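Colleague: Protein chains in written order, with numbering that gives the first Met the number 0: chain G, 0 to 271; chain B, 0 to 215; chain U, 0 to 215. Beta carbons: idealized from backbone N, C-alpha and C, even for Gly. Note that this is a predicted model, so its numbers are computed, not measured.
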Amino acid sequence: MSPALKKIGDGAAVLQLRDLRKRFGDQTVLDGIDLDVGQSECVCIIGPSGSGKSTLLRCMAFLERYDDGVVYIHGKSLGYSFVDGKRIADRDVQVDHTRRGLGMVFQQFNLWSHMTALGNITTPLRLARGMARAEAEEIGRKMLAKVGLADRADVYPARLSGGQQQRVAIGRALAMKPTIMLFDEPTSALDPERVGEVLDVMRQLAADGMTMVVATHEMGFASEVSDRLIFMDEGKIVEQGAPKTVLRTPETARLQQFLGTWRARQADLFIQ
Amino acid sequence: MGLITANLPQLLHGAAITLVLTVVSVALGMIVGAAVCGLQLSTSPIARGLGRGFVSVCRGLPLLVTILAIFYLPPAFGLNIDAWPAAILALTLNTGAYQAEIYRAGYMMIPPSQIEAARILRMDPWQIRVYVVAPQLLRLVLPSLTNAAVDIMKSSSLVSVIAITDLVRVSQQLVALTYRPVEIYASAALLYIVLTLMISGLGQLAERRLGMGFQR
Amino acid sequence: MPADLLLLSAYMPRLLEGVAITAEVCVIAITAGMILGFVVALLRRIRFPPVRWLVVGYVEVLRGTPLLIQLFLLYYGGPAFGITLDAVPAGIIGLLLYTSAQFSEIVRASFTAVPAGQIEAARLLGLSRLQAFWHVQFRQVALLTIPPSANQAISILKDSSVLSVITVPEITFETGRMVNETFSVTAPYLFLALSYWAMVIVLSAGARRLESSIPR
Ligand SMILES: Nc1ncnc2c1ncn2[C@@H]1O[C@H](COP(=O)(O)OP(=O)(O)OP(=O)(O)O)[C@@H](O)[C@H]1O
Ligand SMILES: [Mg+2]
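(1) With distances taken Cα to Cα, identify the nearest neighbour of U/Val-135 among U/Ile-145, U/Pro-147, U/Ala-22, U/Arg-122.
(2) Quick one: what does DSSP say B/Thr-17 is sitting in, helix, strand or coil?
(3) Determine, for U/Ile-68, whether the minimum Cβ-Cβ distance to residues of chain B falls below 9 Å.
(4) Taking 9 Å as the threshold (beta carbon to beta carbon), is B/Ala-34 in contact with chain U?
(5) Is there contact here, the region 90 to 107 of chain B with the region 56 to 74 of chain B, by at least three beta-carbon pairs under 8 Å?
(6) Within the same chain, show all residues whose beta-carbon is closer than 6 Å to that of B/Ser-143, passing over the 5 residues directly before and after it, in chain order.
(7) If the criterion is Cβ atoms closer than 9 Å, does the pair G/Gly-46 and G/Phe-230 meet it?
(8) Can you tell me whether G/Asp-9 is helix, strand or coil according to DSSP?
(9) Check whether chain U comes within 9 Å of B/Gly-200, counting only Cβ atoms and requiring the distance to be less than that.
(10) Tell me the rounded alpha-carbon separation between U/Glu-16 and U/Tyr-10.
(11) Can you find a heavy atom of ligand 1 that lies under 8 Å from the Cβ of G/Lys-176?
(12) Is there at least one Cβ from chain G nearer than 9 Å to U/Pro-114's Cβ?
(13) Tell me whether G/Gly-31 sits in a helix, a strand or coil according to DSSP, three-state version.
(14) Does any heavy atom of ligand 2 sit closer than 8 Å to the C-beta of G/Glu-184?
(15) Along chain B, which residues have their Cβ under 8 Å away from the Cβ of U/Gly-17?
(16) Can you tell me whether G/Leu-62 is helix, strand or coil according to DSSP?
(17) Which residues in chain B sit within 7 Å of U/Ser-160, going by Cβ to Cβ distance?
(18) State the CB to CB distance for the pair B/Leu-166 and U/Val-161, rounded to an integer number of angstroms; the pair is presumed to be in contact (CB under 8 Å).
(19) Output the distance between the C-alpha atoms of U/Ala-40 and G/Asp-267, rounded to the nearest integer angstrom.
(20) Using 10 angstroms around the beta-carbon of G/Tyr-65, count the other beta-carbons present and answer buried if the total reaches 16, otherwise exposed.
(21) Would you be able to state if there are at least three C-beta pairs under 8 Å between the region 88 to 99 of chain U and the region 198 to 205 of chain B?
(22) Note down the Cα distance separating G/Asp-35 from G/Ala-168, rounded to an integer number of angstroms.
(23) Please report how far the alpha carbon of G/Gly-74 lies from the alpha carbon of G/Gly-259, in whole angstroms.
(24) For G/Thr-27, which of G/Ile-44, G/Gln-38, G/Leu-55, G/Asp-150 has the nearest alpha-carbon?
(25) Does DSSP put B/Leu-204 in a helix, in a strand, or in coil?
(26) Between G/Thr-260 and ligand 1, is there a pair consisting of the residue's CB and a ligand heavy atom that are separated by less than 8 Å?
(27) Could you list which residues in chain D have their beta carbon closer than 9 Å to that of U/Val-106, in chain order?
(28) Only counting runs of 4 or more residues, tell me where the alpha helix (DSSP H) segments fall wholly within the region 74 to 158 of chain G, in order along the chain.
(29) Could you give the distance in angstroms between the alpha-carbon of G/Ala-12 and the alpha-carbon of B/Leu-139?
(30) Alpha carbon to alpha carbon, how far is B/Arg-215 from B/Tyr-130?
(31) In terms of residue numbering, what span does the beta strand (DSSP E) encompassing G/Leu-19 cover?
(32) Can you list, in chain order, the residues of its chain whose CB lies under 8 Å from that of G/Val-94, leaving out five sequence neighbours each side?
(33) Under three-state DSSP, which class holds B/Ile-109?
(34) Let's test the definition: count the other Cβ atoms within 10 Å of the Cβ of G/Leu-4 and tell me whether it reaches 16, buried, or not, exposed.
(35) Can you list the residues of chain B that U/Val-54 reaches, using a CB-CB cut of under 9 Å?
(36) The alpha helix (DSSP H) spanning B/Arg-58 covers which residue range?
Laid out in structure tokens, this is it:
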């Protein structure tokens, strides 16, 4: 890690959530989330299954409409505009424009199965950025090299391991030059021995000063790489702070219990 | 409207014949299908070849051609075959071939470890078939089997060409009498839809019944 | 048998004409039916209730009734609506509509097989809704439909024999005519079976070529 590049919380936050609320039917999934993510900050979100981590990230990217509150990206509200205190849904083009700087990596990779690794990266460059094929391919190859897959350019996703697919997906997102990267459990669908190669790429990204929000079950990664750790439960941020502090001295019973189960599971794994 | 109500009894009678054709050929097709599937899964190459040959001939020919061939070919060799046995035979062979493939696909989905486990428990091959394979197979193939039954029900309309008075044949006769093709054929179509819904409803019911206590 | 073969060679031009008509009818009905089927599958994605019900009704009626009844309705019932068609166009249209309904179900299944996440990823990477639909969803759907459509096409080819019942002079019809006129049975039916077999082989070979060109 190069601490010189890390300037936490300097200037305005690049991503801000204000009292974000989301319901599915009569189930409240996000119950008033407030969060500021600073330039180059790496925020990790942990929490039990169903606590709303994915929903939170999806609302940040406006893949999910939210019911109340605001998401600001670089100070611009995403998905809705406010006219005379009234909330008006933005049109597609506006949404696309506001979230231009956002990159997202999913648990299921979501590579396009009918395109090669390189095609996955060049297609958005050409369609959304209007780049010429040669230029797009040059960037594409550079990105593949960056994630350590220079020799896999012409391979279709079905022929790549999960870890390789996820690295292509990261490369594809990075090619669009995002200023903020969202990761939704990027290693949860991987074989244990493939987790490391993806985390390495993310570690490097954090070291390079990318602003990141990562929902994860990888406590090791969270405590080592994140600048701030957030514990979510039942749609609320229950605790947050420096990862070491949060993990070593949990204040709430909820987090203590969560960490207890986690440790017990680790011990089980160790015994096996 | 009066036209349809006046002719409804005959149409219903035709529908009943269609249903009988379906039930009988599906039931016989199960036996044929299971036997052919057994041949295909056998370790003997001759048996496998026979099974595969049967399936590809019966599925390679249009059902109409099978029906005509079974009805018109034997008399040329001095054997007479009535319309009903010919119809049942043709429908049975057809659905039997499709069912064989359904059972084979289902069998492939049963983890081999289960059969190995049963073998280790010293169950004999027939016990394994009856107690381990068959119940799971039934659960696995039921949706496809329902489709096959609907298919053969619709296809059974073709036996009207050898003068079986099924729903189509009855409709044709009624049209010849009344000169009202639209009303008669539309009613027949409606009855076919009712039969389709009936069979798929029954299939779903069976699925739910069998689903109890099962985990996929 | 030699007499049979002589008759067969005498009838060969008409039989071959029948094969040609079968091929022609199938090529038109399958091509047009697939295009229409795609349109139907797309329309089915519209959630607006009247459109939805209309499309669902279209598909379910065509899939829930025998082709034979559909042909009768079109050919004999058409004139009541001022649609008087010759046998061949009626046969083509009937087979085409039937194909479109079958095919639309294949397309619908393919749509559900493309993970929603891939489209979300596309939208987040800046592709417009239309670009995401065309470059990510539609292309994959088109590729996914190829293998099942090949089977579907073969089954439509066999179903086309039903057109003989409404006197379309395709191969089954011409064979029946020869049997009626000559009382020779074995040779014509053998020829009939072989011609379907040959057409199925040609179709499967084409399908395999197409499938092997799918990138993976
Ligand atoms: N599309 C949806 N429709 C209805 N309910 C949903 C939907 N998506 C999520 N939920 C519900 O919202 C709650 C939060 O889900 P979410 O996926 O955000 O949890 P999570 O913290 O990401 O869990 P995990 O660790 O398992 O990924 C869950 O109870 C889930 O069932
Ligand atoms: Mg999640």
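Modeller: Walking through what the data contain:
(1) In terms of Cα proximity to U/Val-135, the closest of U/Ile-145, U/Pro-147, U/Ala-22, U/Arg-122 is U/Arg-122.
(2) The answer is helix: DSSP assigns B/Thr-17 an H, G or I state.
(3) Output row for U/Ile-68: interface = yes.
(4) Chain U contact via Cβ: absent.
(5) Flag = yes, the region 90 to 107 of chain B and the region 56 to 74 of chain B touch.
(6) Taking B/Ser-143 as the centre and dropping the five residues before and after it, the same chain places the C-beta of Ile-101 closer than 6 Å to its C-beta, in chain order.
(7) Using a Cβ distance threshold of 9 Å, G/Gly-46 and G/Phe-230 count as a contacting pair.
(8) At G/Asp-9 the pLDDT is 46, less than 50, meaning the model places this residue with poor confidence; the figure from the coordinates comes in the next sentence. Assignment of G/Asp-9 by DSSP, reduced to helix, strand and coil, places it in the coil class.
(9) So, not an interface residue.
(10) The straight-line gap from Cα to Cα measures roughly 10 Å.
(11) No, the Cβ of G/Lys-176 stays beyond 8 Å of every heavy atom of ligand 1.
(12) Yes - at least one Cβ of chain G is within 9 Å of the one on U/Pro-114.
(13) Strand.
(14) Result yes, Cβ under 8 Å from ligand 2.
(15) What U/Gly-17 touches in chain B: nothing, since even the nearest Cβ is about 13 Å away.
(16) In the structure shown, G/Leu-62 sits in coil (DSSP, three-state: anything other than H, G, I, E or B).
(17) Proximity of chain B to U/Ser-160 at the Cβ level (cut-off 7 Å) is accounted for by Pro-61, Leu-63, Val-64, in chain order.
(18) About 15 Å; that fails the 8 Å criterion.
(19) One C-alpha to the other measures close to 50 Å.
(20) By the 10 Å Cβ count, G/Tyr-65 comes out buried.
(21) The region 198 to 205 of chain B and the region 88 to 99 of chain U do not touch, with fewer than 3 CB-CB distances between them shorter than 8 Å.
(22) In this structure, the CA atom of G/Asp-35 is about 26 Å from the CA atom of G/Ala-168.
(23) Note on geometry: alpha-carbon atoms of G/Gly-74 and G/Gly-259 lie some 39 Å from one another.
(24) Here the closest residue by C-alpha is G/Leu-55.
(25) If DSSP states are grouped into helix, strand and coil, B/Leu-204 belongs with the helices.
(26) Result no, Cβ not under 8 Å from ligand 1.
(27) Protein chains in the displayed structure are G, B and U, and chain D is not among them.
(28) Scanning the region 74 to 158 of chain G from its first residue to its last, the whole alpha helix (DSSP H) runs of 4-plus residues come out as 91 to 97, 116 to 128, 132 to 145.
(29) B/Leu-139 has its alpha-carbon roughly 55 Å from the corresponding atom of G/Ala-12.
(30) Annotation note: pLDDT 45 at B/Arg-215 (below 50); position unreliable, coordinate value reported separately. Computed Cα separation, rounded: 17 Å.
(31) It spans 14 to 23 - the beta strand (DSSP E) in which G/Leu-19 sits, taken as one unbroken run.
(32) Once the five neighbours on either side are set aside, the close Cβ partners of G/Val-94 are Phe-61, Leu-77, Gly-78.
(33) In the structure shown, the three-state DSSP call for B/Ile-109 is coil.
(34) Interpretation of G/Leu-4 is limited by its pLDDT of 36, a score under 50 that renders its predicted location unreliable; the figure taken from the coordinates is listed afterwards. Classified as exposed, G/Leu-4 has fewer than 16 neighbouring CB atoms from the shown chains inside 10 Å of its CB.
(35) Around U/Val-54, no beta-carbon contact reaches into chain B at under 9 Å, the shortest distance being about 16 Å.
(36) Residues 44 to 59.
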